[in-house]
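Below: the structure, in structure tokens.
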Amino acid sequence: MVKVEKRNGSIVDFEGSKIQIAISKAMNETDKGADEDIAKQIADAVYEEFSGLETVHIEQIQDFVEIELMKLRPDAAKKYIIYRQERAKLREQGWNMTDLQRDIYEKKYRYDTESFEQFLDRISGGNEAINKAVRDKKFMPAGRILAGRGLDKLGRKITLSNCFVAGSKVITKRGLINIEDVVVGDYVITHDNTWQLVNNVMSRDYEGDLYKIKTEYMYDSITCTPNHRFLTSSGWVRADRLVGKLMDRKYYNNSHFIKTPRLRFDIDEFAIKLSDYVDLDDNQFVEVDDDNMVTLGTRFTGGNGAQGVKFSNPIYNTFNMNKDMQYLFGRWIGDGSTTRRRGKRNHSIFQIVFDSNNEREDLERCRNIIIENLKYEPLITENPAQNTIILRLENPLLAEFVAKYFGTDSSSKRIPKELIGSLDLVLGILDSDGCVLKTGAIKLVMNNEELLNDIRETLMLNGIIVRKPQKIKQSLSNEYRTYTAYRLHVSTPFSKEKLVGLLSKSYDDNRIHNILNNNLKGSTKYLSKNGEVYTRVEYTEIIENVKTKVYNLSVENTHSYTVNGLVVHNCYVMPKVEDNIESIFDTAKYLARTYSYGGGVGLTLSKLRPKGAKVNNAASTTTGAVSFMDLYSMVTGLIGMRGRRGALMLNLDVTHPDIEDFIDIKNDLTKITYANISVNVDDKFMEAVKNNEEYELYFKVEATGEEISRKINARDLYSKLAKNNWNMAEPGILFKDRIDSWHLMSEDKSFEYSGVNPCAEEPLPAFGSCNLSSINLSEFVKNPFTKYARFEFESFIKMVHNGVIYLNEVLDENMELHPLEQQREMSRDLRQIGLGIMGLADMFIKLGIKYGSSESLSLIHQIGRTMINEALRQSAYLAKEDGPFPRYNEEAILNSSFLISNADDDVYELIKEYGLRNSQLLTIAPTGSISTLLGCSNGVEPIFQNSYTRKSESLHHEDTYYKVYTQIVKDYMDKNNINREEDLPDFFVTTSELDYKDRIEVQAAWQQYIDASISSTVNVPNEFTVEEVEELYLYAWEKDLKGITIYRDGCARSGILISNKNKKSKIDKIEELQREIEGLVLEQLMEDPDTCPMCGGKLNHTGGCSECQDCGYSPCSI
């Protein structure tokens, strides 16, 4: 049997039928049409030609076909040659893409310089059916699969644990510690400049590529795994996506700037007893009086034989090493000395030298410190010839302590370990021996490299990043001789923002004032905003094929910390937050870790006791469930990359006594800015609304037995919910009883949904995760835009089978890559997948069917029932081969209402015999980026609009506006020679034209067959009333939807900036100042959620999310 070598090197059996099909396709493009006899003749000739070979390359076969076609059908040969050229182009570059599509592909999904064929091979994982389906635009995995799958086979280690190598320095309350020496219980400084507790230290053996990060200002270069995130001025960015000044910027306008910490490291005061540091000989003793004054007594014998005792001047024996004393000893390290008298054992003189011209205030400060803390009046002497003043204490107890504790001379002085981190001590050194340059930088030159390293470490602990001391040649004054010295250079950004203002130095040219009050001429090596300093990335370097141990920390609340002076960071549903402080903050930890791996999170707050409930701590009563929403929102806001942040859905049961506060929380635009919110509504509440009855809000505190209950009018609460959604576009509604009852595990008593993922299409158990892909329905229409158009069920069925197989392959491949062990366990036990659809609206248009019509609903029921049955069938076949999912409960599954209502008899029997490989199968997710990439409509949404206006700026800076048609509209108009939008047939329906009941009917038809849920937005016009919102909610509940999201055009949230729209200042700033993009994006979205913060285009609210029609930006795209 002849084997065929494909372009990717794989070997497959020769199949003449495939050659015949390809030839027929080429013939069908000609006027003569296909000749099946000739096609078969050529296919047979191919086999005859190469039958003597063991293996033949695909290119040889195609060359032979070309020659044969030239002989028999030259017209078809031309089409075949063009087809081969187009396929070659496709393999290298991909589909014909718009600028927006190309941007999505290049920036989000393409790895390095891989060709399109390599991209397909990578994401398909060798699955030929999926490879072809993606190439033909019939199928597309979710964004996380597109961006990450298969990279380990390209030499990049794929792991969901981001780590650093040993020796990386972390700022802790114990000082600057190697990451491998950090322990649980340590406190580390985080991205928001607060100390947070380390609750886990992780290490593992690593094999793969590492990234070395070098910035302009840092303690040392950083070596880490590719996926570790750094906090930049534009959000959280992975190591392998950082761009520096020395790197290629094909898709970037600027280097990244990474945040450095801002803090003042506190040294706890501790006591020093001077008498402990003096070495006594046989003739010496120490006396301490009741006032803690100590003297050193020395016995002596006079010349006449008389014996006596000589006492030193009294000094305070036990003093606190407070900030003032730290500053004093810093002055001594910089410009002080101790001296022994000739023949004496102990040092006896302590002195500090000051400049008489500009350090008199410093002298007075140090004098007062000594008097206040040591109860000693120092001697002050002035030397006018040398412009110096000397502060001097003749006291062996103090002098000996200083000599033993800090060193004796310029080459032996050190900062003691317990004072490393004392900024006051270093300020004393810099005041005495540092030089502030006119540029704003600070220079410190010494011959003591070890002392400079102590100073450097201390500055680092205070967020002042300084490079290693540089070795220099220093000239002696008035001499030509030089000596080796070391220079420590504090660069301008850190000096200006964090140091100069704390110094007491003065210069005749008033430079300190100028530095602090003027914008210094600009280095591009850093950014300074709001007191924070960001240092520019210089370069990243890949260190290939490393075997080493790597480390990471888990940090409460923020899951961020610092490594070598840079701030670093370490789609899921978390468990319901339990009613205790540990669970509340553990959840924040889980959120942060999950976001750092690119996931989104859903949280249910219903187990938290309500406001006013008793607690067993100093607070007496709790602030309630709503008060913790800001914590989780804040954690979510920390994670972002190139316009994408972490995604969070918070929900609360309608029975919770804090429900009214929860509903109102979004009325304050400064609150919960990084989360969507939804209310879990039960059937009992909706019945009370219909009947205008009272409804009980109830919570029992398990820990104390306290019961909190009150009754409300259900309709009043319902109206509040509707009004807030009408006004602010939130909260959404989740119909809890329908969610709990309509899925495969509904009868399994051990199973419970914990919440929904951020876009609400995926109800999940605690620690459940999403594994999603979508089928593009529009590509299964045969003869589109004609009266012969039909939906190809045969090929659709094959696609469903292949999709289920593919998602199980991805699930197995990623099983160990989830951030948390609980997530890995849940993935193994339940094997949830989510096969969905997109392109529904485009499919209807190609078939000439109006969206929302009875004909469209009938087709949905046909496709939906086919889809769920074929997904169940394939999952059962996989269970036959590999066994059912570990928590499979036959009795519960077979008795679920969802299965009984939807499974055909043969499928039901198949499940009865083999079980199911997956506990969840179908999900309709928001497909913002991937549907844009394929050029089809989003999820189950109608098309947003037929056309939109784009702006183009000419060379003369004049704006030109032109109309751009949605792709499906353009295709139809081109096919039917239509030039005007007004001439489109009535089956072109947009969101603004669609009756909301028709919209809900479409979603309800699909929900019948979807065991998870559907992410979708009902867009309503501005004139839509609060009463109509109430009716819409009620209609959605009656139609058995699992949830509903409404967006009213021009709601208050979108109207805040109406009076300022002409200024477009936010958008202009975003375009001009990309380094401030994260803050500006947030402001823009808060103020005007209808306008894209990236380009100013219109945001389309679909699929529970939003996406820009011009540039593709989406805050929660998958």
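Going by numbering that gives the first Met the number 0, the sequence shown opens with residue 0, and the numbers climb by one from there.
Even for Gly, the Cβ is constructed at its ideal location relative to N, Cα and C.
Item: Is Asp208 helix, strand or coil by DSSP?; Value: strand
Item: Three or more C-beta pairs under 8 Å: does that hold for the segment 531-549 against the segment 196-210?; Value: yes
Item: Measure the alpha-carbon distance for Arg366 versus Gly335 and round it to whole angstroms.; Value: 14 Å
Item: Would you kindly report the start and end of the unbroken alpha helix (DSSP H) that includes Thr865?; Value: Ser853 to Asp881
Item: Among Asn724, Val425 and Phe884, whose alpha-carbon lies nearest the alpha-carbon of Thr1016?; Value: Asn724
Item: Could you spell out the range, first to last residue, of the beta strand (DSSP E) harbouring Pro140?; Value: Phe138 to Pro140
Item: In the DSSP output, what is His488 paired with across the bridge?; Value: Lys442
Item: Using a threshold of 7 Å, state whether the C-beta atoms of Leu909 and Ala875 are closer than that.; Value: yes
Item: Please report the straight-line C-alpha distance between Ser527 and Gln325, rounded to a whole angstrom.; Value: 29 Å
Item: Go ahead and pull the three-state DSSP assignment for Lys670.; Value: coil
Item: Do you know how far the Cα of Val181 is from the Cα of Met445?; Value: 32 Å
Item: In chain order, what residues of the same chain have a beta carbon less than 8 Å from the beta carbon of Asn303, not counting five sequence neighbours either side?; Value: none
Item: Please classify Lys722: does DSSP put it in a helix, a strand, or coil?; Value: helix
Item: I need the straight-line Cα distance from Ala132 to Gly838, nearest angstrom please.; Value: 15 Å
Item: Thinking C-beta only, is Leu230 closer than 7 Å to His190?; Value: yes
Item: Using a Cβ-Cβ cutoff of less than 6 Å, which residues in the same chain neighbour Arg237 once the five nearest sequence positions on both sides are dropped?; Value: Asn226 and Arg228
Item: For Asp74, I'd like the list of residues in its chain whose CB is within less than 6 Å of its CB, leaving aside the five on either flank, ordered along the chain.; Value: Thr29
Item: Can you have a look at Glu952 and say buried or exposed, based on whether 16 or more other CB atoms are within 10 angstroms of its CB?; Value: Only weak support exists for where Glu952 lies, its pLDDT of 42 falling under 50; the value from the coordinates is given anyway. Exposed: under 16 other Cβ atoms inside 10 Å.
Item: Would you mind working out which of Ser114, Leu1033, Ser896 and Thr654 sits nearest Arg86, comparing C-alpha positions?; Value: Ser114
Item: Apart from the five residues on each side of it in sequence, which residues of its chain come closer than 6 Å, Cβ to Cβ, to Thr158?; Value: Note on Thr158: pLDDT 44, under 50, position unreliable in the model; the coordinate value appears next. Contacts found: none.
Item: Using C-beta distances below 8 Å, list every residue in its chain close to Gly439, excluding the 5 sequence neighbours before and after it, in chain order.; Value: Thr491, Ser494, Lys495, Val499, Ile514 and Leu519
Item: Among residues of its own chain, excluding the 5 on either side of Lys39, which ones have a beta-carbon nearer than 7 Å to its beta-carbon?; Value: Gln19
Item: Straight-line CA distance for Trp1036 to Gly462?; Value: 55 Å
Item: Please classify Lys309 as buried or exposed, where buried requires at least 16 neighbouring CB atoms within 10 angstroms.; Value: exposed
Item: Where does Phe353 land, buried or exposed, given buried means 16+ other C-beta within 10 angstroms?; Value: buried
Item: Per the DSSP calculation, Met1144 is bridged to which residue(s)?; Value: In the structure as shown, the chain starts at 0 and stops at 1117, and residue 1144 therefore has no counterpart that could be examined.
Item: Three or more C-beta pairs closer than 8 Å, one from the segment 42-61 and one from the segment 101-111: is that the case here?; Value: no
Item: For the beta strand (DSSP E) holding Trp1134, just list the boundary residues, first then last.; Value: Coverage of the chain is limited to positions 0 through 1117, which leaves residue 1134 absent and any answer about it impossible.
Item: Can you name the residues that DSSP bridges to Asp652?; Value: Asn679
Item: Is it the case that the Cβ atoms of Phe897 and Leu771 are separated by a distance below 7 Å?; Value: no
Item: Mind checking which residues open and close the alpha helix (DSSP H) that includes Arg134?; Value: Glu127 to Arg134
Item: Check each candidate in Ile257, Arg263 and Ala165 and name the one with the smallest Cα separation from Val566.; Value: Ile257
Item: My output table needs one value for Leu183: the three-state DSSP class, helix, strand or coil.; Value: What sits at residue 183 in the sequence shown is Val, not Leu. Val183: coil per DSSP, three-state reduction.
Item: Rounded to a whole number of angstroms, what is the C-alpha to C-alpha distance between Thr54 and Ala44?; Value: 16 Å
Item: Taking three-plus beta-carbon pairs below 8 Å as touching, is the segment 775-790 in contact with the segment 837-851?; Value: yes
Item: Cα separation between Leu877 and Pro883?; Value: 8 Å
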